[in-house]
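Position 151, counted from 1, in the sequence shown is what the UniProt record's numbering calls 151; the numbers after and before it change by one each time, with no gaps.
In this text, a Cβ means the ideal position worked out from N, Cα and C, and glycines have one as well.
To start, the structure under review is shown below, and the notes come after it.
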Amino acid sequence: MRGVILAAGRGSRLGEATASLPKPLLVVGGRACIDFAVEALLSVVSEVIVVTGYQADQVEGHLRQRWRDSPIRTVRNLDLEAGNLTSLRAARASLGRDPFVVTNADHLFPAAMYTRHFQPGADVTIACERDRTILDDEMKVLASGERLTDIAKTLTQYDGAYIGTTAVGADMTTRYWGAFDAVAAEADVRTASVEMVLARLARDTATAPRLQWIEGLRWYEVDTQEDLDLAREGLGA
Numbered sequence: 001m002r003g004v005i006l007a008a009g010r011g012s013r014l015g016e017a018t019a020s021l022p023k024p025l026l027v028v029g030g031r032a033c034i035d036f037a038v039e040a041l042l043s044v045v046s047e048v049i050v051v052t053g054y055q056a057d058q059v060e061g062h063l064r065q066r067w068r069d070s071p072i073r074t075v076r077n078l079d080l081e082a083g084n085l086t087s088l089r090a091a092r093a094s095l096g097r098d099p100f101v102v103t104n105a106d107h108l109f110p111a112a113m114y115t116r117h118f119q120p121g122a123d124v125t126i127a128c129e130r131d132r133t134i135l136d137d138e139m140k141v142l143a144s145g146e147r148l149t150d151i152a153k154t155l156t157q158y159d160g161a162y163i164g165t166t167a168v169g170a171d172m173t174t175r176y177w178g179a180f181d182a183v184a185a186e187a188d189v190r191t192a193s194v195e196m197v198l199a200r201l202a203r204d205t206a207t208a209p210r211l212q213w214i215e216g217l218r219w220y221e222v223d224t225q226e227d228l229d230l231a232r233e234g235l236g237a
C-alpha cells in the first residue's frame, strides 16, 4: 500500500500566514503540519507520495531534510486554481494499480491514526466522525448501514462528517479510478474534488465506500487562522 498526501493548495484562508510560507510548513507543536501526515502514514505504507504545488520548492526541501532516509517522493500539481482532484491525478502514475491511502497535509492526525483508529480494508473505506457537533462547512456524509449513500457539504440530512482520509483497497482500485475518470470528464476542473469520486462510487451498492466511524481521536485541521490557533493551543506552538 502507498500513501498520498495532498499538499498543493495555496492556503489562502490563512491570509498573511501563508503569503510566503506554504500551509504544510506552518509549525504546530514544534514541527511542520505535513510531518504529522508523513509520520502517521509511514507506519502502514511502503512509500509516501506528496503532491506539491504552491511554494513547492519549500515543501520539497523540507521533506528532503526532515525525512531524507524515508521512502518519500514528490510530484507537482501546477494547476493551483483547480480542485484537489487534479492533485490526486498528479499522483496517479506513481500509484499504478496499487492500493493506497489519500489524506491532506493540513489534517494533523496522531501517529496512531492508521494503526489504532483507521484500518484500511479490501474495499474503499472512508474515515468519518459522528460523536460531536458537525459544522456547517464540513463535508457531511449520509449512510445506509455501514455504506455511504451521499457526501457533500450541502447535505441537510446526514449522519456525520468525512475527515479527509480515504483508503482504496486492492479489490477496488480499478473501480475507484473508473469513477475518478467519470468525475474528471464531467465536473468543472475548478471545483472537482476527491469527494466527488466518493459520491460517484456511492451511486452503486456494489462500489459504495464503507464508513469507518472514528472515536476517541484527537486531531486538528488547519484551514483558517482560528484553526491554527486552536491547533497550537492543543499541541503547542
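Roughly how many angstroms lie between the CA atoms of Leu6 and Val101, to the nearest whole one? Within the sequence shown, residue 6 is the residue found at index 6, counting from 1. Within the sequence shown, residue 101 is the residue found at index 101, counting from 1. Taking the straight line from one Cα to the other gives about 11 angstroms.
Mark Leu85 as exposed unless 16 or more other C-beta atoms lie within 10 angstroms of its C-beta, in which case mark it buried. Indexing the sequence shown from 1 puts residue 85 at position 85. Leu85 should be labelled buried.
Candidates Glu215, Met1, Leu148: closest to Arg116 by CA position: Here residue 116 refers to the residue found at position 116 when the sequence shown is read from its first residue. It is Glu215.
Which runs of the beta strand (DSSP E), 3 residues or longer, sit entirely within the UniProt domain "MobA-like NTP transferase" (3 to 132)? 47 to 52, 72 to 76, 100 to 104, 124 to 129
Please classify Ala231 as buried or exposed, where buried requires at least 16 neighbouring CB atoms within 10 angstroms. Position 231 of the sequence shown, counted from the first residue, corresponds to residue 231. It is buried - the Cβ of Ala231 has at least 16 other Cβ atoms within 10 Å.
With C-beta atoms as the reference, is Tyr162 less than 8 angstroms away from Glu195? Position 162 of the sequence shown, counting from 1, holds the residue named residue 162. Position 195 of the sequence shown, counting from 1, holds the residue named residue 195. Going by C-beta atoms, Tyr162 is nearer than 8 angstroms to Glu195.
Quickly, what does DSSP pair Glu221 with across the bridge? List them, please. As a position in the sequence shown, residue 221 is number 221, starting the count at 1. Paired residues: His107.
Between Trp67 and chain D, is there a C-beta pair that is closer than 8 angstroms? Of the chains in the structure shown, none is chain D; there is only one protein chain.
So, is Arg2 buried or exposed, given that buried needs 16 or more other C-beta atoms within 10 angstroms? As a first step, residue 2 must be located in the sequence shown, where it is residue number 2. So Arg2 ends up on the buried side.
Between the Cα of Ala179 and the Cα atoms of Asp131, Asp159, Thr207, which residue gives the shortest distance? Numbered from its first residue, the sequence shown carries residue 179 at position 179. It is Thr207 whose Cα lies nearest to the Cα of Ala179.
What span of residues does the alpha helix (DSSP H) with Asp181 cover, start to end? The residue given as residue 181 occupies position 181 in the sequence shown. 173 to 186 is the span of the alpha helix (DSSP H), which, as asked, contains Asp181.
Per the DSSP calculation, Gly160 is bridged to which residue(s)? Taking the first residue of the sequence shown as 1, we reach residue 160 at position 160. Answer is Val141.
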